[in-house]
Amino acid sequence: MRKKYIITWLFSILSTGLLLMSCNKNFLEKPRGGTFTVDTVFRTKLNADGAIAQMYNLCVPSGLVQNSSNDIPRPDAPTDEIYYIHPTYDWVGATWNLATYCTGNETVDGTIDRGGFGSHYLGIRQANLVIKHIAEVTDADATYKSQAIGQALFCRAMQHFELFRLYGGIPLVTEPLDGTQKLGIRRSSVATTVDSIVSWCDQASALLPSTWGVADYGKITSLAAKALKARVLLYAASPLYNTPSTMQANIDGIRFGDGRDSVLAYPTYDKGRWLTAANAAKDVIDAAPSSGVALYNTHKPETTPHDDSYAGLGDYEAVSNVYANSELILVNTLNQDAKGGFFWGNWLSSKVREGKWAIKNNVPIEFMQQYEKRDGTKWTLPLNSTGDDLPTWIQTLNLDPRFYQTVLYDGMWYNSTRGVLTYYLGDGGHYPTTLFGSSDAGDDGYALETYKFVARIDNFNDAHFAWPVFRLAEFYLSYAEALNEYQGPSGDPTHYLNLIRERAGMPDKNIASQDDFRDAVQNERTIELAYEGFRLNDLERWLKAYSVLNETLHGIQTKANASSGTLKRNWKIVSFMTRVFPKKYYYMPFPSADVSENYLGDGDSWNGQNPGW
Numbered sequence: 006m007r008k009k010y011i012i013t014w015l016f017s018i019l020s021t022g023l024l025l026m027s028c029n030k031n032f033l034e035k036p037r038g039g040t041f042t043v044d045t046v047f048r049t050k051l052n053a054d055g056a057i058a059q060m061y062n063l064c065v066p067s068g069l070v071q072n073s074s075n076d077i078p079r080p081d082a083p084t085d086e087i088y089y090i091h092p093t094y095d096w097v098g099a100t101w102n103l104a105t106y107c108t109g110n111e112t113v114d115g116t117i118d119r120g121g122f123g124s125h126y127l128g129i130r131q132a133n134l135v136i137k138h139i140a141e142v143t144d145a146d147a148t149y150k151s152q153a154i155g156q157a158l159f160c161r162a163m164q165h166f167e168l169f170r171l172y173g174g175i176p177l178v179t180e181p182l183d184g185t186q187k188l189g190i191r192r193s194s195v196a197t198t199v200d201s202i203v204s205w206c207d208q209a210s211a212l213l214p215s216t217w218g219v220a221d222y223g224k225i226t227s228l229a230a231k232a233l234k235a236r237v238l239l240y241a242a243s244p245l246y247n248t249p250s251t252m253q254a255n256i257d258g259i260r261f262g263d264g265r266d267s268v269l270a271y272p273t274y275d276k277g278r279w280l281t282a283a284n285a286a287k288d289v290i291d292a293a294p295s296s297g298v299a300l301y302n303t304h305k306p307e308t309t310p311h312d313d314s315y316a317g318l319g320d321y322e323a324v325s326n327v328y329a330n331s332e333l334i335l336v337n338t339l340n341q342d343a344k345g346g347f348f349w350g351n352w353l354s355s356k357v358r359e360g361k362w363a364i365k366n367n368v369p370i371e372f373m374q375q376y377e378k379r380d381g382t383k384w385t386l387p388l389n390s391t392g393d394d395l396p397t398w399i400q401t402l403n404l405d406p407r408f409y410q411t412v413l414y415d416g417m418w419y420n421s422t423r424g425v426l427t428y429y430l431g432d433g434g435h436y437p438t439t440l441f442g443s444s445d446a447g448d449d450g451y452a453l454e455t456y457k458f459v460a461r462i463d464n465f466n467d468a469h470f471a472w473p474v475f476r477l478a479e480f481y482l483s484y485a486e487a488l489n490e491y492q493g494p495s496g497d498p499t500h501y502l503n504l505i506r507e508r509a510g511m512p513d514k515n516i517a518s519q520d521d522f523r524d525a526v527q528n529e530r531t532i533e534l535a536y537e538g539f540r541l542n543d544l545e546r547w548l549k550a551y552s553v554l555n556e557t558l559h560g561i562q563t564k565a566n567a568s569s570g571t572l573k574r575n576w577k578i579v580s581f582m583t584r585v586f587p588k589k590y591y592y593m594p595f596p597s598a599d600v601s602e603n604y605l606g607d608g609d610s611w612n613g614q615n616p617g618w
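Plus 5 on top of the position in the sequence shown (first one is 1) and you've got our numbering.
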């Protein structure tokens, strides 16, 4: 029986009584009355555990849906990784404003910030409550209290980072505001925001253990705090915030061009920020062994055909399918709890998991072509391409093994229950269109769907999933990226890039050019971390979102053909939709209610809103 983090069950039994937080998104909301108050919560260790559970629930992110159909879209749905049929499925993620975002029509009060701007401050407030009051617990020892503070410092840092990656410099809150006073906390500069988050990570790391017991799997460790620090510093060193002179043209239209830009970026480029980021990533790599963390590599790069057991998994697929595997630094374990709501929401709207009606996570060919061929070469698919046997063609492409462990296709054997998948348009009565090849929009025949974090093995066992907040491979690639920007690709950058490629079964890259290595490591990150919530922010921090996400997405459509006496899957390229990414999208807008309070800017000539909104 798998051990689950104790916080998950504590939260489930205490959350209804511990009304420390309102469901209202106003982050100034003070504690409601009732049986429990702040004083009573922080009187006993049992109650304090519930407060910490609530903090985890509010602060540790997850891309897996828990109880609500409103959170259906995968984190990467706004990018070229996913297409939901437009406009038929524009209702998907309506509370996340996905359709308006993807068509370039996002508004200040309807953004893709899940939960909204204020929801982050609910988590920050809960963390600040723990920091302020944990000393009052009468039946807990000093170690418990210091570790609680360490976890809270991490959680505060995590939610400030979540705000930073969306908005730029933001108000920094280090006290549990009680809701009675006017906020009056202005946006901090990018420099101050980053320095503060890094400082909290350092403090948290010093207070937290390198490992916890098995029963406490999922608790924040010192390594997780180092990982958050490294991620923050990588972002801070990137062109969106640390813009080199060679990329000044890329920021036209996304900055103010005056002193207000301090909340959007550093005033000048500093190559040393890349070295700082590289050192932080290397610190994660060096500290990993003492936390029992290592790259998951059994030297099995490919999944065994027609095998839906754990033993058949390729190493890359195993990383997301083997619970508590060695590569995971921090995971969100809430997916282990019993779920409510719609099952197709819990299953990430996956057609293959539902087996009948579902939205389907269609994969555009624009993203498919990010995967190299097995020999390491690039390839392109002309839009007039056709064929008469899709599964044979896809296998003949001989792509990076990670493609076949991430994306399914019409004619692929999936597992013992589904067998060979039938995503095709039907051929009369011989091979009629199945539920896999149709949708609310009618018969579509869209033939590619991602199945990462969708159950395939062990009889559709969903219980082995936990959302990877941090895993070690990220920091191999972060180190390679940052050190290349500082010194070029020779030595460690090439070494750590190739460690990831070797695990995947791909040939080494030996690149002399800094620019060419930059392209290589960015592509490697795109593939290795696919469907884990990185794509949008990576494109933004590289200042590539405007060029990549203003495009028409296309897919592969198949149609059954039995004219030869044997079922064939004829295929062709079809248009999906045109995505629109205005330059103002590089920074999310603050809600109109907060802007109208006139505390975000200087309180006089500027209301604090981001450019273009």
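Using N, Cα and C, we set each Cβ at its ideal position, and we do this for glycine too.
For residue i, list the residues DSSP reports as bridge partners.
i, result
"V412", "T455"
"V425", "W418"
"P473", "V336"
Given residue i, which residues of its chain have a CB within under 8 Å of its CB, disregarding the five upstream and five downstream residues?
i, result
"R523", "E486, N489 and E490"
"L482", "Y501, L502, I505, V526, E529, R530, E533 and L534"
"V113", "P594, F595, P596, S597, V600, Q614 and W618"
"R476", "V324, E332, L333 and I334"
Just how far apart, CA to CA, sit residue i and residue j?
i, j, result
"Q492", "F166", "27 Å"
"W352", "A468", "12 Å"
"K383", "Q374", "8 Å"
"I117", "N102", "6 Å"
"V135", "L554", "41 Å"
"D275", "I399", "45 Å"
"Y409", "P92", "29 Å"
"T308", "D320", "8 Å"
"G109", "P369", "19 Å"
"V425", "G360", "12 Å"
"Y88", "L558", "8 Å"
"S151", "T84", "41 Å"
"P616", "A58", "37 Å"
"Y604", "L333", "40 Å"
"A286", "A104", "35 Å"
"Y591", "L212", "35 Å"
"A478", "A299", "9 Å"
"R161", "A220", "24 Å"
"P272", "R260", "11 Å"
"N420", "K457", "14 Å"
"L171", "G258", "17 Å"
"A270", "D497", "28 Å"
"G173", "F586", "18 Å"
"S1", "S390", "Because the chain in this structure spans residues 6 to 618, residue 1 falls outside the shown range and cannot be described."
"R265", "A147", "44 Å"
Would you say the beta carbon of residue i comes nearer than 7 Å to a heavy atom of the ligand SAH?
i, result
"S597", "Although the ligand SAH was asked about, the structure shown includes no ligands whatsoever."
On the CB-based measure, 16 or more other CB atoms within 10 Å of its CB, does residue i come out buried or exposed?
i, result
"N247", "buried"
"P244", "buried"
"T455", "buried"
"Y315", "exposed"
"D609", "exposed"
"G155", "buried"
"Q253", "exposed"
"E180", "exposed"
"P176", "buried"
"S552", "exposed"
"T338", "buried"
"L318", "buried"
Considering Cα atoms alone, identify which of the options is closest to residue i.
i, options, result
"N326", "A460, I516, L404 and K514", "A460"
"T216", "S204, D449 and A230", "A230"
"G350", "G68, R236 and Y222", "G68"
"G121", "N62, H138 and T100", "T100"
"V626", "P437, G442, G392 and P387", "In the structure displayed, the chain extends from 6 to 618; residue 626 sits before or after that span and is not available."
Starting from the C-beta of residue i, find all residues in its chain whose C-beta is less than 6 Å away, skip the five residues before and the five after it, and write them out in chain order.
i, result
"E141", "F47"
"K50", "V142, D144 and A145"
"G606", "N612 and G613"
"L453", "V368, V412, Y414 and I561"
"Q164", "C64, H125, G128 and I129"
"Y4", "What the structure shows of the chain is the stretch from 6 to 618, and residue 4 is not part of that stretch, so it cannot be assessed."
"A232", "V289, I334 and F475"
"V579", "G560 and Q562"
By Cβ distance, which residues of its chain are closer than 7 Å to residue i, with the 5 residues on each side in sequence left out?
i, result
"V203", "K234, V237 and L238"
"V336", "G223, A471, W472, P473 and V474"
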